[in-house]
Amino acid sequence: KIIKMKFTSIFAAAIALMATPTTEAMPMPRQYAPSFTNVNSVIDKEFKQVSLQDYKGKYLVVIFYPFDFTYVCPTELISFSDNIKKFKDLGAEVVGVSTDSHHTHLAWVNTKRVDGGLGQINYPLLADISKDISRDYGVLVEDSKDGMYGAALRGIFIIDKDQKIRSVQVNDDAVGRSVDEALRLIQAFQFADEHGEVCPANWKPGAKTIKPDQEQKKDYFK
């Protein structure tokens, strides 16, 4: 009986483990960005395929968002689209990712903004219907009891020209991201890479930076 009870307990534990929602560990700064290949996407209101490799040699902002035809999401996507020239001027590109299909993406961009649509969006919207990209980036909601089950959290990843992650930010559903902050971070990382100096809190182009040296750092506070 003891052996049978032990076996039953082990079997039950194994079943429970298999049923437990799992999420990949979120990739962190200094790590290479998880790759994605030939993902169905909407670009300029047409179906095309997009791969991470397409952006090698450029900075890339990857914007994960929960759902098409919702509330905060269109304000973010439109804001990034309206400011796309500022990103391109920095040698950066933008892509949006959700677990909706590319057909849903197309319906959304073909709907006028005043009617709850996106209208023209000046960067690709990737259809992560397999949920592999969201899972690989650690933003997929896999708890079946969660109201956002199967969707991506509001994550933003800044990837550099070598396809290493430089910044990760993930918000809960109710609060959108800042275009100005994304631009500032790209400018700061590019400055640090080029000049070998580090950027203090709230740094913006033209402001003082810090030399990463125990003596020279004192110059910043003079």
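Residue numbering for the sequence shown is 156 to 377, as defined by my numbering.
The C-beta atom is built at its ideal place from N, Cα and C for all residues, glycine as well.
Strand pairing of residue i, partner residues [DSSP]
i    : result
K286 : K286 is not bridged to any residue.
G310 : V325
I365 : V353
G251 : I218 and L280
L295 : A307
Y375 : DSSP output for Y375 lists no bridge partner at all.
C-beta contact flag for residue i and residue j at 7 Å
i    : j    : result
A180 : I314 : no
K377 : G212 : no
A307 : S289 : yes
M303 : V296 : yes
G305 : E231 : no
P279 : I198 : yes
V264 : K200 : yes
D287 : T259 : no
S333 : I276 : no
Y210 : E248 : yes
L281 : V227 : no
Q208 : I320 : no
Segment limits, beta strand (DSSP E) that includes residue i
i    : result
R332 : Segment: none, R332 is in no beta strand (DSSP E) and carries neither H nor E.
R321 : I320 to N326
Supposed close pair residue i, residue j - CB separation, criterion 8 Å
i    : j    : result
Y220 : S253 : 5 Å
V205 : F312 : Contact flag wrong, Cβ pair sits at about 15 Å.
P182 : S322 : At roughly 11 Å, the Cβ-Cβ gap does not stay under 8 Å, so P182 and S322 are not in contact.
E349 : K366 : Not a contact, Cβ separation roughly 14 Å.
W358 : A337 : Their Cβ separation, rounded to whole angstroms, is 14 Å, which puts W358 and A337 out of contact at 8 Å.
V250 : L215 : 7 Å
L245 : Q318 : That pair is no contact at about 16 Å.
P355 : Y375 : 7 Å
N326 : R309 : 4 Å
R268 : I233 : 7 Å
Enclosing alpha helix (DSSP H) for residue i [first to last residue]
i    : result
A180 : Where A180 is concerned, there is no enclosing alpha helix (DSSP H), given that its DSSP letter is neither H nor E.
A262 : H257 to V264
(request) Can you check the stretch 193-248 for any beta strand (DSSP E) of at least 3 residues that lies completely inside it and give the ranges in chain order? (result) 194-198, 201-205 and 214-219
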